[in-house]
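Each protein sequence line maps, in turn, to chains A and B. Position one of the first sequence corresponds to residue 4 (our numbering), numbered consecutively onward. Position one of the second sequence corresponds to residue 649 (our numbering), numbered consecutively onward.
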Amino acid sequence: MDGRRPEVLTSVSLTRRQALQLAAGATVLGLTGCAPSAREATEEQSQGSLVMISTQFQPVAEGEKMRSAVLAGFGRKVEFLGEEQGPFEDRIRAEAQAGKGSVAVIGGQHGDLAGLAADQLLTDLSDLTQELSGRGFHPDYLELAKVGGDTPAYIPWAQASYLMTARKEAVDLLPSGADVNSLTYEQLTAWGQRIQQQEGSRRLGFPAGEMGLLNRFFQGYSYPSFTGALNTRFASSEAEAMWEWMRGAWAQANPQSTGYAFMQEPLQAGEVWVAWDHQARLIEALKASPDDFVAFPAPTGPKGLGFIPVLTGLAIPKTAPDMDGAKDLIRYLTDPKQTATVARELGFFPPTAQQQLPEDLEPGIRAEADAIAAQSTSQAKVTSLLPVGLRDKSNAYNDVFRTTFDGIVLKRRDARQVLAGKAKELQEVLDSVKAPCWRPDPESSGTCQVG
Amino acid sequence: MSAVEQAQAEPGPEAALARPADRPDRSPAARRRRRVRALTYAVAVLLSLFVLVPIYFITVTAFTPREVSYDFPKPFIPGTVSAETVRFFADSTGVTAALWRSVVVAALTLVLSTLLGAPAGYALARFAFRGKSTYRLLILSTRAFPIVILSIPLAVTFITWGIYDTTYSVALMHTGLALPFTILITSSIFVSVPRDLEEAARTLGCTPLGAFVKVVLPLALPGLAAAAIFTFVLSWNEVFAAVILTLRQRTLPALVLAALNTSPLPFRFAAAWFMLAPSLVVIFVIRRYLLGLWGRVAR
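Listed below in structure tokens is the structure:
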């Protein structure tokens, strides 16, 4: 030990100077780095920039387009910040509790705004809704924007939907007599089988990962297509048939599906040849190589073609620092010119009753728009709405569908038994918020009854 | 001394003298030693690959054109090189400012947590006081609370105190998160500095503070630097507190994380490379101090 001490001392005297330099450097960095940024913030506030946070258009390229193509034309500076749903809600709640806010406008899907609206954290937008009645919003959306209450909590901003996309080489393997534009659920499975026989691997794809939206597939597509309803036929024999179909389709699906969040990537990598997903989660593939992919409507089941439009809205937190500025921004963003830009640049469509799309859409977005239009204008369509009165129980509601899928398809338990158990859970969720039925279920006088 | 060095040193000079250099030793013991050495090397190589291969692929993919980055399996040597995605990422709103802020926050955190944590670590190492072990546990317990539960109360407190959405507030929070580690690491470093050296300095006329500054601190510096690098990396990687405590003044991970979850693959690689490169540079610069620490601990 003693013999080594001098060695340590010499090695230290070498490193000490450098360590001190490092510490000094770090301090200087801290001092010089922070001062200007703090000043910047106050300057911006005094210039009157508005802060908008959004769970939509978060991806790097989309955020940039939102800033440069859409918000740049607004008279004032808008700081557009993408945020995930968790921090998005937490921030508005924290600002409300502190009684002091810096966020002027929030943009999100119906589900992102519903919890905040249920807790009375959003400004009543009755006057603005009245003023903007000329924008031609879809009446269903105006109803949805009340989030189960009497007054609108947000203004419709854009709509999107889910659709199917396939690689071109898969189309050559379609079973005889099948057409991508009028596919049935049975043909989809047969298609998957044929691809597996020819290619030797399972190439259907579902976004069944933790971040995936598979629950919407059941809620808006397979259930309505097989049962013509949702909650009211949840455990019916038609529902059993649907889950039986799902088991068959899953047998043709890439086993990695349990990890997929966005189907555009496995499609582009060729791991998956045929997939269902949200349009925003397929668009990269269609935009990057429109000639290699086909977009087409969701399949048709025994009761029709179930599909669900997704509504995105704009709201103002009660703690917004500049209420008039915030309302101006909403007026600006819902202007047909801006919604057309959003369609052209970002691929989300105007939330109007009449489809209003600009002529000059790029091929990928045009392909999606056509497939979605085919869904919404189909003779056999069964339109669903997003859950209307679930307040803060959206996640609990979605979980029931997820765990039913786990039980019946992944763990291969008896479908009837699983459905009976899950029907009780579903009823508990609906009872806890006294949610009435929504489309495609028939209107109910009280809480929706699971059947 | 590392395991590898030990394995190399083991045969000793006598063994080398006992046999002619041109004839390999075939005794069972020597064969076993060779096997152990081969195994050690194999494990070392595997561990290095475990770290280096992902870094390599992130870098390569970040600098390939967008279309190529989807290819699977990825070619080991890229055919084409392009800085297109990395450049788009770097040019997108707020990225350079956020990168700078990240550096500032990490540096501030490093300085603050060393200034606060090192004295606490010294106290733990040198003094016996009532409730010392409880104190040690309490320090760690601050890390036992999941920060997710604290997010709203934290944000509310920061808003009411008027320090919400500033670079300083994030540094403050990161200091809070890093302190337990700083205190425990520095205390073990101060324990390893012989107390008799400090006492000798006192007998030669140093004040307690003088003895600390002139004798203990220089000996502990390599370890302190190691604790500092740990703090830097912790702050550099922290997302949750940075997201909830800032709005416009975001650090790089806070700015891009939400975007990356939903961004196409090429951007994720570009951002990963952006997050990786600066911290690698810092780690390389301070690597020698880390070796100082591990050398000390190994003894």
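Ideal Cβ positions, reconstructed from N, Cα and C, are used throughout, including at glycine.
Could you tell me which residues DSSP puts in a beta bridge with residue 682 (chain B)? Answer by DSSP bridge pairing: none, since residue 682 (chain B) is not bridged.
Could you check where the beta strand (DSSP E) with residue 69 (chain A) kicks off and where it finishes? No residue range can be given for residue 69 (chain A), since it is assigned to no beta strand (DSSP E) and is classified by DSSP as neither H nor E.
Which residue from B:935, B:922, B:932 puts its Cα closest to that of residue 750 (chain B)? Residue 750 (chain B) has its Cα closest to that of B:922, out of B:935, B:922, B:932.
Once the 5 residues before and after residue 226 (chain A) are set aside, which same chain residues still bring their CB inside 6 Å of it? Correct list, in chain order: 233.
Relative to the C-alpha of residue 799 (chain B), which residue among B:833, B:812, B:872 is closest? The shortest C-alpha separation from residue 799 (chain B) is found at B:812.
Could you confirm whether any beta carbon from chain A is found closer than 8 Å to the beta carbon of residue 911 (chain B)? Yes, because at least one Cβ of chain A sits closer than 8 Å to the Cβ of residue 911 (chain B).
Against residue 66 (chain A), what residues of chain B qualify as contacts under a CB-to-CB distance less than 8 Å, listed in chain order? For residue 66 (chain A), the chain B residues whose C-beta falls within less than 8 Å of its own C-beta are 740, 741, 907, listed in chain order.
Residue ranges of each beta strand (DSSP E) within the region 779 to 827 of chain B, 3 or longer: With a minimum length of 3 residues, no continuous beta strand (DSSP E) run stays inside the region 779 to 827 of chain B.
Beta-carbon spacing of residue 252 (chain A), residue 195 (chain A) below 8 Å: Here residue 252 (chain A) is near residue 195 (chain A), since their CB atoms are less than 8 Å apart.
Which class does residue 113 (chain A) belong to by DSSP, given the choice of helix, strand or coil? Helix.
Leaving out the 5 sequence neighbours to the left and right, which residues in its chain are closer than 6 Å to residue 351 (chain A) when beta-carbon positions are compared? These residues qualify, in order along the chain: 161, 163, 345.
Whole beta strand (DSSP E) runs in the region 304 to 336 of chain A with 3 or more residues, listed along the chain? List check, beta strand (DSSP E) in window: 308 to 310, 312 to 318.
Would you say residue 838 (chain B) faces chain A, with C-beta separation under 8 Å as the test? Using a Cβ-Cβ cut-off of 8 Å, residue 838 (chain B) does not count as an interface residue toward chain A, since no Cβ of chain A sits closer than that to its own.
Within-8 Å CB hit, residue 62 (chain A) to chain B: Residue 62 (chain A) counts as touching chain B.
Going by the DSSP bridge assignment, what does residue 735 (chain B) pair with across the sheet? DSSP lists no partner for residue 735 (chain B).
Is it buried or exposed for residue 704 (chain B), if we count other Cβ within 10 angstroms and need 16 for buried? So residue 704 (chain B) ends up on the exposed side.
From A:180, A:92, A:314, pick the residue whose C-alpha is nearest to that of residue 353 (chain A); which is it? Looking from the CA of residue 353 (chain A), the closest CA among A:180, A:92, A:314 belongs to A:314.
Are any of the Cβ atoms in chain A nearer than 8 Å to that of residue 737 (chain B)? For residue 737 (chain B), the answer is yes, since a Cβ of chain A falls inside 8 Å of its Cβ.
Length of the line joining the Cα atoms of residue 26 (chain A) and residue 874 (chain B): Reliability of the predicted coordinates at residue 26 (chain A) is poor, the pLDDT of 49 falling under 50, and no value is obtained from them.
On the premise that residue 847 (chain B) lies in contact with residue 864 (chain B), defined as a C-beta separation below 8 Å, what is that separation, rounded to the nearest angstrom? Actually they are not in contact, since the Cβ atoms of residue 864 (chain B) and residue 847 (chain B) sit about 11 Å apart, beyond 8 Å.
Mind listing which residues of the region 75 to 88 of chain A have their C-beta closer than 9 Å to chain B's C-betas, in chain order? Residues of the region 75 to 88 of chain A with a C-beta less than 9 Å from any C-beta of chain B: 82, 83, 84, 85, 86, 87, listed in chain order.
Might you give, ordered along the chain, the residues of its own chain that have their beta carbon closer than 6 Å to the beta carbon of residue 29 (chain A), omitting 5 neighbours on each side? Confidence in residue 29 (chain A) is poor, its pLDDT being 47 and thus under 50, which makes the residue's placement unreliable; the coordinate value appears in the next sentence. Cβ neighbours of residue 29 (chain A) beyond the five flanking positions: none.
Does the beta-carbon of residue 150 (chain A) have 16 or more other beta-carbons within 10 angstroms, so that it is buried, or is it exposed? Looking at its Cβ environment, which holds 16 or more other Cβ atoms inside 10 Å, residue 150 (chain A) is buried.
Can you look up residue 934 (chain B) in the DSSP assignment and give me helix, strand or coil? Residue 934 (chain B) falls in the helix class under three-state DSSP.
Which runs of the alpha helix (DSSP H) spanning at least 4 residues fall entirely within the region 123 to 166 of chain A, listed in chain order? Counting only runs of 4 or more, we get 129 to 134, 142 to 147.
Can you tell me whether residue 78 (chain A) is buried or exposed, with buried defined as 16 or more other CB within 10 angstroms of its CB? Label assigned to residue 78 (chain A): exposed.
For residue 256 (chain A), which three-state DSSP category applies? In the three-state reduction of the DSSP assignment, residue 256 (chain A) falls in the strand class.
Within the chosen definition, does the region 217 to 231 of chain A reach the region 282 to 293 of chain A through at least 3 CB pairs nearer than 8 Å? Segments in contact, no.
Does the Cβ-Cβ distance between residue 349 (chain A) and residue 65 (chain A) come in under 8 Å? Going by C-beta atoms, residue 349 (chain A) is nearer than 8 Å to residue 65 (chain A).
Take the Cβ of residue 263 (chain A) as the centre, count every other Cβ of all protein chains shown within 10 Å, and call the residue buried at 16 or more, exposed below. Within a 10 Å sphere around the beta-carbon of residue 263 (chain A) sit 16 or more other beta-carbons, which makes this residue buried.
So, with DSSP's three-state summary, where would you put residue 89 (chain A)? Here DSSP, grouped into helix, strand and coil, assigns residue 89 (chain A) to helix.
Rounding to the nearest angstrom, what Cα-Cα distance links residue 198 (chain A) and residue 179 (chain A) in this structure? Cα to Cα, the separation comes out at about 13 Å.
Element boundaries [beta strand (DSSP E), containing residue 275 (chain A)]: Careful: residue 275 (chain A) lies outside any beta strand (DSSP E) and carries neither H nor E.
Specify the secondary structure class of residue 417 (chain A) as computed by DSSP and reduced to three states. Correct three-state label for residue 417 (chain A): coil.
Pairwise C-alpha distance: residue 336 (chain A) and residue 713 (chain B): Using only the alpha carbons, I get a separation of about 34 Å.
In three-state terms, what does DSSP make of residue 79 (chain A)? In the structure shown, residue 79 (chain A) sits in coil (DSSP, three-state: anything other than H, G, I, E or B).
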